[in-house]
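Remarks on the structure that follows.
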Amino acid sequence: MANKTIVSAAPRSWKRTILTPKELAVRVAFMKAIRYVRRVKADPEMRAWYIQANGGNRSVTRTAFNDMMFGPELSDLRMEGYDGGGGQNLVVKAEDNFRVWRVVFALYAADGSLLETGEAVCRYVFHWVYTTQKTNPLLQGMKIRVIAWDLPGNEAVLKRVL
1 MANKTIVSAA PRSWKRTILT PKELAVRVAF MKAIRYVRRV KADPEMRAWY
51 IQANGGNRSV TRTAFNDMMF GPELSDLRME GYDGGGGQNL VVKAEDNFRV
101 WRVVFALYAA DGSLLETGEA VCRYVFHWVY TTQKTNPLLQ GMKIRVIAWD
151 LPGNEAVLKR VL
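Following UniProt numbering, the numbering of the sequence shown begins with 1 at its first residue and continues without gaps.
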């Protein structure tokens, strides 16, 4: 092989400077997840929550990373017996791969004005209950908006119009 020249194509560069919008979104999501994992590891209380949740079977890094990457999901908004009166329960199913941290209900009149808002309480596994405070005589066109957050701050929104 001595004194011979080998000609071939230049090696491909895997580092492109232009990313597609999807690639950029994935890269940003991963960077946020890495920052969140570092924050969890630095906070003894948060670290203990993740250790307790995974039962020692998975690392805190993996559990916290997955929690940041996958937000909560809302479904099954139940309003049995709701007739617009105060003191009645609205129930929503809120799930997350780790923990749903907070659920807020907002009730709007047909014209879009805010009637009431408040936090729900987790009474059953995955089921969050909000007790209405005010009476609303006009149910037609009323809007209900439910927002759930998990520990990293990911949110899910569920809307329903009556």
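From the three backbone atoms N, C-alpha and C, an ideal C-beta is built for every residue, glycine too.
The residues Leu77 and Ile144, in chain order, have a CB closer than 6 Å to that of Arg160 in the same chain once the five nearest residues on each side in sequence are set aside. Each of Leu19, Leu158 and Ala33 was checked against the Cα of Val92, and the nearest Cα belongs to Leu158.
Residues Gly86, Leu115 and Glu116 of the same chain have their beta carbon placed closer than 7 Å to that of Lys134, with the five preceding and five following residues left out of the count. Under the criterion of beta carbons closer than 8 Å, Val100 and Asp150 qualify as touching, at roughly 6 Å.
Counting only residues of its own chain and dropping the five nearest sequence neighbours on each side, Ala110 has a CB closer than 7 Å to the CB of Leu138, Gln140, Gly141 and Met142. When the Cα atoms are used, Thr17 and Val7 turn out to be separated by approximately 27 Å. Closest in C-alpha terms to Tyr124, from the list Thr61, Val37 and Ala94, comes Ala94. In this structure, the straight-line span from the alpha carbon of Gln52 to that of Thr63 is close to 11 Å.
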